[in-house]
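Its first residue numbered 1, the sequence shown is counted upward by one per residue in the UniProt record's numbering.
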Amino acid sequence: MKTTKVHFNPAQYITGKAAVDIEDGSVVMMAKVLEDRNPVMKPAVAGEFPIGVVAQDVKKPRRSLWPPMLRAR
């Protein structure tokens, strides 16, 4: 099996779950704190604190492990 070594800085890339279908490039916020050790994300709304930008399309409830789901803002 071919592998690729990648160095991650803390909080640079976040693996999360989608509360709803989310498109690539969407700004997201926390829907709830944790589910199975992963934060649950939903599209951000005005007046709320965004956590990052989705790096790829994500369908609920799929968890994206590679590439990382979010690019920290």
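The beta-carbon is built from N, C-alpha and C at its ideal position, and this holds for glycine as well.
Just so you know, these numbers come straight off a predicted model, no measurement behind them.
{"Item": "Identity of the residue in K60, V54 and Y13 nearest S26 by Cα", "Value": "V54"}
{"Item": "Simplified DSSP assignment, three categories, for residue 98", "Value": "For residue 98 there is no data in the structure shown, the boundaries of the chain being 1 and 73."}
{"Item": "Buried versus exposed call for G47 [16 or more other C-beta atoms within 10 Å across all chains shown]", "Value": "exposed"}
{"Item": "Reduced DSSP category for P43 - H, G, I as helix; E, B as strand; rest coil", "Value": "strand"}
{"Item": "Whether K17 touches V40 by CB criterion (7 angstroms)", "Value": "yes"}
{"Item": "Alpha carbon of T15 to alpha carbon of M1, nearest angstrom", "Value": "23 angstroms"}
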